[in-house]
Every structure is written in C-alpha cells, then in structure tokens.
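Chains as they are written, first to last, in my numbering: chain A, 123 to 311; chain B, 123 to 311.
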C-alpha cells in the first residue's frame, strides 16, 4: 500500500457535545469536539477549551461544567452553538435548562445524555485549557436506555469529521469488542 | 422528555486507534480509545494510558508514540491488540512496521492513517497517564485522500461504544458543520 506524508494537522472522527457552564450567572453552551474519557474509576473526563471562549470563564468561576450529548434532532442548534459566542447571544434561552447534583453546571433537557463534571485539574496546552474532572452525575432520557444504561445507538450522536466539515451518524455495527480478536489470541497462546 | 439518573460511568462513542511505542527496543501496539485533539496550532493530541500498560514504559523511555488508525479491514487485529499485553505477545510481528520522522515511534503500514507524536507533557489522572504531545508527522494511504488530505469516510474508522461493547462504522452524513446553524444565526442577529 502506498503511503504519503500529509499535513500533520489531522483530526480524526470526533463525537460532539455541548459543554454547559454558568458565565456571569447565566447558562451558556458551546459545541465541543475535543474531549475524552481519562479514568475509569473514578469516572473522569477532560475537555479542551480555547482561552478566548466565553465558556472558559464560567468553568474557571464555578469549577464545574456539563457535557450534554445532542442527538440528530438537535443538529441545527448544536451547530449554531459553535457559530455564536455567549458574549453575543443568550444560548441558554435556546434550551429547557435544568440543574442536577452540582447545582452550577447547566444541563439541557432536550439532550438524551447529560453529564455533570467537577473540575479537578486544569492543564494548559498551547492556546487551550484542558479541564480534567470527575463525572459526578449523569442524566439520560428514559427512551435511550438499554438495561438501564445509556445506549449510543439510541442516542444517535453527532460525529464530526474535518476537514470535510460534516456531521455523521453512527453507522452499522461491524464487530464485537473484546471478542473479535479472541480467535487470534487462541492461535498464538 | 423524562430523564433519569444513570450510572455516571458513561462512555460516549470513541474512535479507536493503535498506539505504537518501542518497549525494550521492540515495536508494540495497544488499542486505545481515550484520546483527543488538544491544540490546533501546533497540532497536539493527548492519549490516556493506564499505569499497568506495557505501552506506557515505551512512551516514557522514548518520549514518543504513534497513533495508527485502523480501517474496518483491521478489526480483528485491532481487537486482539486490546486483549493481549506486549509482555506476553510480539504484537509488532502482526504488522508491516515502519518508522518515520521521529525514528522511535513505530508505524503500521496497513493502517490508512498514522500520526507520529512527540511527548511534551505527561499528566497523571487517577490510574492513568495522559501523554500530551505534538503531531510531528502524518502518513496516509494514497487512496484515503481527498484533495490531498485524509478523508475519514474513506479511512472507514472503527468507533467503539460501551457498555454495549460494539465496533461501529461511520454512518450517513446528516449535516454540514459551521453551516447547519447559519439560518438560526441570521434569525437572531
């Protein structure tokens, strides 16, 4: 297979969420694709927020944020929240906002899955701050659960690809994790 | 919409990659789903590796690692690399391994997209180390490029969901990023 050098500014497939924070006492939401799980126990995540973002101020002020996962039905609003700054628009007014355990991380009732995160550590990375925190509570629509746990197929999340700049749906199930490689494991052990 | 509290140990959709490192002078690969972009300029990423992982030793020793993105054709081998430790198996022998600019981050020729990462910062998060680094070079199969840049649709990446433990393909394109929300932006400005 022929390989070539390409621009190192590569962005893999990125699920998107709306990061919620209280800025100057008002709920604000920002579209974020740079986040990951970081620990299983306790359950921890990290989200990278640019220094210029209005959202950053709210996270620093409250030490908390939310991650709200939109389904396909919220595509237009999700994109809008990435186009407009909370300095210029009241993005909290777009949604049915509620609060959970932390009291300071605004949640979106229309999102099928919402996490409340308490910041444990802020790490500077170039022009961004990675806010690492523990998931203190999670809220899900009853109709996206399977055996009581959130099911990504039912959530129908938005996946961003760049530089093609498209939102994609989750596709077909192509294999079983911690299983598909078992035959090879038997061969080699 | 009815919402309920669920177990906070929630894992969103996660693209998977094979993280490559040289451990005791031998190429090793580990399946990793906890990673994200962290900076646009310079292009930086972070990958979270458990303290017990053989891979961790290699990254600490060399200060480099690779992120190799498998397509669907590598599903079985990708899963296998998450089932077996490099302490017990020569996972480098599974692939056509090559080296790029860094010289110490093993790359997989069968993977349609491979990144070389130089570690800039290691952040401890519970039982894991988040290795933050700069993408120093990227290599892609010629047949996954569109206008000279990697195209995720052509790469056909593996997306992991838990707790359902399935690998999924990228699905249909459902909207345009930085565009779908423009009508609402006009309405409100």
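Glycine is no exception: its CB is placed at the ideal position from the N, C-alpha and C atoms.
Of all residues in the segment 254-265 of chain A, those with a C-beta nearer than 9 Å to a C-beta of chain B are 254, 256, 257, 258, 259, 260, 261, 262, 263, 264, 265, reading in chain order. Within its own chain, the residues whose Cβ lies closer than 8 Å to the Cβ of residue 145 of chain B, once the five positions on either side in sequence are excluded, are 176, 177, 179, 180, 183, 208, listed in chain order. Distance from the CA atom of residue 206 of chain B to the CA atom of residue 307 of chain A, rounded to whole angstroms, is 7 Å.
By the Cβ criterion, the segment 155-173 of chain B is in contact with the segment 242-258 of chain A, since at least three pairs of Cβ atoms, one from each stretch, lie closer than 8 Å. Between residue 151 of chain B and residue 214 of chain B the beta-carbon gap is near 7 Å, inside 8 Å, which marks them as a contact.
CA-CA distance, residue 259 of chain B to residue 130 of chain A, rounds to 5 Å.
Of all residues in the segment 285-303 of chain B, only 285, 286, 287, 288, 289, 290, 291, 292, 293, 294, 295, 296, 297, 298, 299, 300, 301, 302, 303 come within less than 8 Å of chain A when Cβ atoms are compared, listed by chain position.
Put simply, the segment 277-297 of chain A touches the segment 293-306 of chain B. At least three CB pairs are less than 8 Å apart. Contact of residue 308 of chain B with chain A by beta-carbon distance below 9 Å is absent, the smallest such distance being about 10 Å. Only those residues of the segment 161-185 of chain A whose C-beta falls short of 8 Å from the nearest C-beta of chain B are listed: 161, 162, 163, 164, 165, 166, 168, 170. Less than 7 Å divides the Cβ of residue 282 of chain B from the Cβ of residue 136 of chain B. Within chain B, the C-beta atoms nearer than 7 Å to that of residue 202 of chain A come from 303, 306, 307, in chain order. Pairing residue 125 of chain B with residue 261 of chain A gives a Cβ-Cβ distance under 7 Å. When the alpha-carbon of residue 191 of chain B is set against those of B:232, B:143, B:264, the nearest one is in B:232. Annotation for residue 184 of chain B: no beta strand (DSSP E) segment contains it, though the alpha helix (DSSP H) segment containing it runs 176-184. Distance from the Cα of residue 237 of chain A is smallest, within the candidate group A:244, A:245, A:221, for A:221. Between residue 158 of chain B and chain A, the shortest Cβ-Cβ separation is below 7 Å. Near chain A, meaning a CB-to-CB distance below 9 Å, the residues of the segment 125-144 of chain B are 125, 126, 127, 128, 129, 130, 131, 132, 133, 134, 135, 136, 137, 138, 139.
Burial state of residue 147 of chain A is exposed, judged by a 10 Å Cβ sphere holding fewer than 16 other Cβ atoms.
For residue 279 of chain B, the closest Cβ of chain A is nearer than 7 Å. Taking a C-beta distance under 7 Å as the contact criterion, residue 255 of chain B and residue 240 of chain B qualify as a contact pair. No Cβ-Cβ contact shorter than 7 Å links residue 202 of chain A with residue 143 of chain A. In terms of beta-carbon proximity, residue 252 of chain B lines the interface with chain A, with at least one pair separated by less than 7 Å.
Taken in chain order, the whole beta strand (DSSP E) runs of length 3 or more contained in the segment 206-286 of chain B are 235-247, 250-263, 281-283.
At least one C-beta of chain B is nearer than 7 Å to the C-beta of residue 272 of chain A.
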